[in-house]
Amino acid sequence: MYRILIAEDNKAISNLIKTHLSFAGYDTSQVYDGEFALEILEAEPFDLLILDLMLPKVSGVDILARVKDCQMPIIVVTALDDLSSKVQCLQVGQTIILQNHLTAWTF
C-alpha cells in the first residue's frame with residue numbers, strides 16, 4: 296500500500312484530501328506545520344508528499360529545498376497564485392504545482 300504524507304495547515308482541506316485518498320485505498324498521514332513535516336519525513340518512509348506552500352513554522356518552499364535530493368515525488372497544492380511562488384518551486388526542482396481553489400466548509 297502506498298503511503299502519502301499530507302502537509303496542509305488547513306485541517307478541513309487536509310481532511311478532504313485524506314478522505315479521498317483513503318477511499319482510493321492509500322495509507323495517509325497528516326501534519327499541519329512544516330516543522331513536523333520535516334520530522335516525520337526523516338523518521339518514516341513515504342511514497343508521495345502532498346505539500347502546501349504556506350505552512351507555519353517552516354514554509355513549503357523551505358521543505359522543497361531540504362528534500363529536493365530525495366526520490367519521493369512531491370505535489371505542491373497551494374492557494375498562492377503569484378508567479379514568484381511558482382518560480383521558487385521550479386528553482387528547487389519542483390515541477391508539479393496544483394492551484395488550490397478548494398473551499399471546505401464544516402457544518
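Residue numbers (this note's numbering): 296 to 402. Note that CB positions come from ideal geometry on N, CA and C, so glycine has one too.
Reference residue i, options the options, closest by Cα
{"i": "Ile-299", "options": "Lys-306, Ile-308, Ala-360, Gly-320", "result": "Gly-320"}
{"i": "Asp-322", "options": "Phe-341, Met-367, Val-356", "result": "Phe-341"}
{"i": "Leu-350", "options": "Phe-318, Glu-303, His-315", "result": "Glu-303"}
Proximity of residue i and residue j at Cβ, strictly below 8 Å
{"i": "Val-326", "j": "Ile-345", "result": "no"}
{"i": "Ala-332", "j": "Ile-312", "result": "no"}
{"i": "Val-362", "j": "Leu-336", "result": "yes"}
{"i": "Glu-334", "j": "Lys-352", "result": "no"}
{"i": "Gly-355", "j": "Asp-364", "result": "no"}
Which residues DSSP lists as bridging residue i, in chain order
{"i": "Asp-322", "result": "Arg-298"}
{"i": "Leu-316", "result": "According to DSSP, which records beta bridges pairwise, Leu-316 is partnered with nothing at all."}
Reduced DSSP category for residue i - H, G, I as helix; E, B as strand; rest coil
{"i": "Val-353", "result": "coil"}
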